[in-house]
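Here our numbering = 1-based position in the sequence shown + 86.
Ideal Cβ placement from N, Cα and C applies to all residues, glycine included.
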Amino acid sequence: MGFWSAFMSENKNITKAASVVGGATSLSRILGYIRDAVIAAVFGAGTYADVFFIAYRIPNFFRRLVGEGALTVSFIPVFTDALTLGSRERAKRLVSTAFTFFTIVLGLLTIAGIIFSKEIVEITAPGFATVQHKLPLTVSLTRWMFPFLFFICLVALGMGVLNSLKHFTAPALSPVLFNLSMIVSTIFLIPFFKEPVYALVFGVVFGGILQFLYQLPYLKRYDMFPRLDFNFSDPDIKKIMLLMLPAVLGTAVFQINILITSRFASGLQEGSVSYLYYADRIVELPLGVFAIAVATAVLPSMSESAAREDWSGFKESLSFAIRLVTFITVPAAVGLVTLGIPIVTMLFQRGEFGYEATRGTVYALYFFSIGLVAFGGVKILASAFYSLKDTLTPVKVGITAVIANVIFCFMLIEPLQHGGLALATSLASMINLLILFLILRKRLGGIGGRKIFTSAVKVILSSVPMGLGVYGISLLINWSDGGITIAKFFILVFAICFGVMSYLLLTHLLKSPEMIFLTEMVTERWFKKS
């Protein structure tokens, strides 16, 4: 009874934490879509949009690679050990040393990025060289945007500290400031720049600075405000570096694959880079709100279990996280496929973004949606390896996935154009997920595979009829005209509400364990409030 109570309590903690992160991320994503809608209306899917998205993707790639990827997942287990097995004073010293060390490293990396921007852009988007002024403009934008990397990676370090202390709200809300900076810059600052696209660059860099400043009061509240500490011989710093170096590749395979698709897309027809970007942004809504939220919430819990060598609790947390992500991402993928045209039309089709751009974006969205479950699952399984302080295995598997992505790109780009590049990313993530799962299952002696399979079957059986119903509702109106109308708005809202309600009803009828768990949790919280 004691174990079951502890297990249920930890799952509730994970779910509550994930709901906090997911709720805050939802607000950020909504503003993110307003940001993208503004950019789409002003710049469409043409030359300026292609150039900006490639230029932004380069420092953003390093940010996800170094900051939200390797830095966060290598820091949290070591910091958790310092808190759990050491003392708060030791953990406080580690924060100061880590901030000092990475401030220097990130400063050098930013300077190197500015110096070698031309070479990086030539590798990332070689196809731009065939269009006059496209390559030089991309290089210039990239140079101006690289300082964003410095600030946003320090934000990721602060996020790791706060998440380890089980404070998830502030880190999850900080991207709101970035999106507001981008929206304001795009709407109000364009007249002040000779090249309008530089207004977007200003928004990116200023948004990164705002996020960094936003973290500082919360670090001070928890008595973790960083100070200069040059004790780089600290064994904990060495542990972080040993975990981080191989994690640089392993944690960012998805982003590397996106960068590879951008390289291939730069040689396709104009707008292909933008189509992939806008489609990726839509896929990131369920991925960011749910999958990444669960992964963020479960990492500290698994790290604590691993530190105490509580392997039963570790496996239960992992199995629950996988099932919860599957419970969300499968119907989300079905919804994106069946409502692709309505969603893209409502979000982006206005101004310079016409119906042709909508079709190009939806075409990529279909193929990205196929891999949504894999994208989310990889986040969870990678977190499991990092909590075990094993960053080498995800690297090996990640290299395999990157190679597979390149092969798929070569195979699929000619028959499917930019849709083939999206499909290549999805297939590579599926391979990544399968291999990670098999290795982890062998290492831990089973992680509830039967439970996961049974849950997935029920989720699929509930999602298919939901998708058919949603698609039927979407046919009630013509979506080829751009912009938002009252009729379109109500049809889309009705379709989404119908989809959610029918899915929840079907999972309830099939007695899905995750549905039962969430129902009990909501009921318990409701009666407590009452």
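**Report entry** Minimum length 4: unbroken alpha helix (DSSP H) runs contained in the stretch 514-580
**Finding:** Along the length of the stretch 514-580, whole alpha helix (DSSP H) runs at least 4 residues long occupy 535-560, reported in chain order.
**Report entry** Other residues of its chain near F316: CB distance less than 7 angstroms, five sequence neighbours each side excluded
**Finding:** For the purposes of this step, residue 316 is taken as residue 230 along the sequence shown, with counting starting at 1. Cβ within range, chain order: T186.
Query raised in the report: What do you get for C583, buried or exposed, if any count of 16 or more other CB atoms within 10 angstroms of its CB means buried?
Result: Against the sequence shown, residue 583 aligns to sequence position 497. Around the CB of C583, fewer than 16 other CB atoms lie within 10 Å, so the residue is classed as exposed.
Query raised in the report: Going straight from the alpha carbon of F89 to that of L404, what length do you get?
Result: Along the sequence shown, read from residue 1 onward, the residue named residue 89 stands at position 3. Along the sequence shown, read from residue 1 onward, the residue named residue 404 stands at position 318. Legend: pLDDT at F89 = 40, less than 50; position of this residue unreliable, no value from coordinates given.
Query raised in the report: How is D366 classed by DSSP in three states: helix, strand or coil?
Result: Position 280 of the sequence shown, counted from the start, is the residue given in the question as residue 366. When secondary structure is reduced to three states using DSSP, D366 falls in the helix class.
Query raised in the report: My guess is that G357 and D136 are in contact by the Cβ rule of under 8 angstroms, so how many angstroms apart are they, rounded?
Result: Numbered from 1 along the sequence shown, position 271 holds the residue referred to as residue 357. Numbered from 1 along the sequence shown, position 50 holds the residue referred to as residue 136. Between G357 and D136 the beta-carbon gap is near 7 angstroms, inside 8 angstroms, which marks them as a contact.
Query raised in the report: Under the rule that 16 or more other beta-carbon atoms within 10 Å means buried, what is K615, buried or exposed?
Result: Indexing the sequence shown from 1 puts residue 615 at position 529. Residue confidence is low: K615 scores 47 on pLDDT, short of 50, so the model does not pin down where it sits. Its coordinate-derived value is still stated next. Exposed, because fewer than 16 other Cβ atoms sit within 10 Å of the Cβ of K615.
Query raised in the report: To which residues of the same chain is L275 closer than 8 angstroms at the C-beta, ignoring the five residues directly before and after it?
Result: Here residue 275 corresponds to residue number 189 of the sequence shown, with the count starting at 1. Contacts found: A285, F288 and G289.
Query - Touching by the beta-carbon criterion (3+ pairs, under 8 angstroms), the stretch 567-580 and the stretch 529-542 - result: The stretch 567-580 makes no contact with the stretch 529-542: fewer than 3 CB pairs, one atom from each, lie closer than 8 angstroms.
Query - Residues near F264 in its chain [Cβ-Cβ closer than 6 angstroms; skip 5 each side] - result: The sequence position of residue 264 within the sequence shown is 178, counting from 1. Answer for F264: G293 and Q297, listed in chain order.
Query raised in the report: How many Å lie between A211 and K220 at the Cα?
Result: Residue 211 sits at position 125 when you count from the first residue of the sequence shown. Residue 220 sits at position 134 when you count from the first residue of the sequence shown. Roughly 10 angstroms between the two C-alpha positions.
Query - Inter-residue Cα distance where the pair is V448 and I368 - result: One-based indexing of the sequence shown puts residue 448 at position 362. One-based indexing of the sequence shown puts residue 368 at position 282. V448 and I368 have their C-alpha atoms some 10 angstroms from each other.
**Report entry** Inter-residue spacing [alpha-carbon to alpha-carbon] between S352 and G531
**Finding:** Counting from 1 along the sequence shown, the entry for residue 352 is found at position 266. Counting from 1 along the sequence shown, the entry for residue 531 is found at position 445. Cα to Cα, the separation comes out at about 45 angstroms.
Query raised in the report: Under a Cβ-count criterion, where at least 16 other Cβ atoms within 10 Å of its own Cβ denotes burial, should L554 be classed as buried or exposed?
Result: In the sequence shown, residue 554 corresponds to position 468, counting from 1. In the assembly as shown, L554 is an exposed residue. Its beta-carbon has fewer than 16 other beta-carbons within 10 Å.
Requested in this report: Flag this pair as yes or no: are the beta carbons of L509 and L524 separated by less than 7 angstroms?
Outcome: Against the sequence shown, residue 509 aligns to sequence position 423. Against the sequence shown, residue 524 aligns to sequence position 438. L509 is not a Cβ neighbour of L524, given a cutoff of 7 angstroms.
Query raised in the report: What is the rounded straight-line gap between the Cα of V181 and the Cα of D396?
Result: Mapped onto the sequence shown, residue 181 falls at position 95. Mapped onto the sequence shown, residue 396 falls at position 310. About 26 angstroms.
Query raised in the report: Is the stretch 451-459 touching the stretch 407-416, taking contact as three or more C-beta pairs under 8 angstroms?
Result: For the pair of segments examined, the stretch 451-459 was found to touch the stretch 407-416: the number of CB pairs separated by less than 8 angstroms reaches three.
Query - Reference S360, options A407, Y304, E442 and K280, closest by Cα - result: Here residue 360 is taken as the residue at index 274 of the sequence shown, counted from 1. The shortest C-alpha separation from S360 is found at E442.
Query - Three-way DSSP call (helix, strand, coil) for G457 in this model - result: One-based indexing of the sequence shown puts residue 457 at position 371. Three-state result, G457: coil.
Query raised in the report: Thinking just about the alpha-carbon of each residue, which of L266, R529, L223 and A126 is nearest to the one in K280?
Result: Here the question's residue 280 lines up with position 194 in the sequence shown. The residue with the shortest Cα to Cα distance from K280 is L223.
Query - Beta carbon of I427 nearer than 7 angstroms to that of W230 - result: Here residue 427 refers to the residue found at position 341 when the sequence shown is read from its first residue. Here residue 230 refers to the residue found at position 144 when the sequence shown is read from its first residue. The answer is no: Cβ separation not under 7 angstroms.
Report task. Can you give me the Cβ contacts of F613 inside the same chain, cut-off strictly under 8 angstroms, excluding the 5 residues immediately before and after it? Result -> One-based indexing of the sequence shown puts residue 613 at position 527. For F613, the predicted structure reports a pLDDT of 49, less than 50, and the residue's modelled location is therefore unreliable. The matter cannot be settled from this model.
**Report entry** Collapsed DSSP secondary structure at T412 in the structure displayed
**Finding:** Working through the sequence shown from its first residue, we reach residue 412 at position 326. Three-state result, T412: helix.
Requested in this report: Kindly indicate which three-state DSSP category Q435 falls into: helix, strand or coil?
Outcome: By one-based count along the sequence shown, residue 435 stands at place 349. It is coil, neither helix nor strand.
Query raised in the report: By Cβ distance below 6 angstroms, which residues in the same chain neighbour A126 in space, the five residues on each side in sequence not counted?
Result: Counted from its first residue, the sequence shown places residue 126 at position 40. Taking A126 as the centre and dropping the five residues before and after it, the same chain places the C-beta of F434 and F439 closer than 6 angstroms to its C-beta, in chain order.
Query raised in the report: Do F494 and L513 have their C-beta atoms within less than 7 angstroms of each other?
Result: As a working mapping, residue 494 is identified with position 408 in the sequence shown. As a working mapping, residue 513 is identified with position 427 in the sequence shown. With contacts defined by Cβ atoms closer than 7 angstroms, F494 and L513 form a contacting pair.
Query - Cβ distance (whole Å) where L235 is taken to contact G199 below 8 angstroms - result: Here residue 235 refers to the residue found at position 149 of the sequence shown. Here residue 199 refers to the residue found at position 113 of the sequence shown. Their Cβ separation, rounded to whole angstroms, is 7 angstroms, which keeps L235 and G199 in contact under 8 angstroms.
Query raised in the report: Taking P599 as the reference, which of L169, L410, P321 and K475 has the closest Cα?
Result: Along the sequence shown, read from residue 1 onward, the residue named residue 599 stands at position 513. Closest option to P599, Cα to Cα, is L410.
Query raised in the report: What is the DSSP secondary structure of K597, counted as helix, strand or coil?
Result: Against the sequence shown, residue 597 aligns to sequence position 511. Note: K597 maps to coil in three-state DSSP.
Query raised in the report: For T158, is the classification buried or exposed, using 16 other Cβ atoms within 10 angstroms of its Cβ as the cut-off for buried?
Result: On the sequence shown, position 72 is the one that residue 158 refers to. Buried is the call here.
Query raised in the report: Any idea what DSSP makes of K618, helix, strand or coil?
Result: This structure gives no information on residue 618, because the portion of the chain shown stretches from 87 to 616.
Query - Neighbourhood of A92 by C-beta, 6 angstroms cutoff - its chain only, sequence neighbours within 5 removed - result: Counting from 1 along the sequence shown, the entry for residue 92 is found at position 6. Only weak support is given to the placement of A92: the predicted model assigns it a pLDDT of 46, under 50, and the value that follows is read from those uncertain coordinates. Within the same chain, and ignoring the five residues on either side of A92 in sequence, no residue has its Cβ closer than 6 angstroms to its Cβ.
Report task. Report the rounded CA-to-CA distance for L329 versus S160, giving the unit in angstroms. Result -> By one-based count along the sequence shown, residue 329 stands at place 243. By one-based count along the sequence shown, residue 160 stands at place 74. C-alpha separation (whole angstroms): 5 angstroms.
Query - Residue burial classification, I273 (beta-carbon count within 10 angstroms, cutoff 16) - result: Numbered from 1 along the sequence shown, position 187 holds the residue referred to as residue 273. Here I273 is exposed. Its C-beta has fewer than 16 other C-beta atoms within 10 Å.
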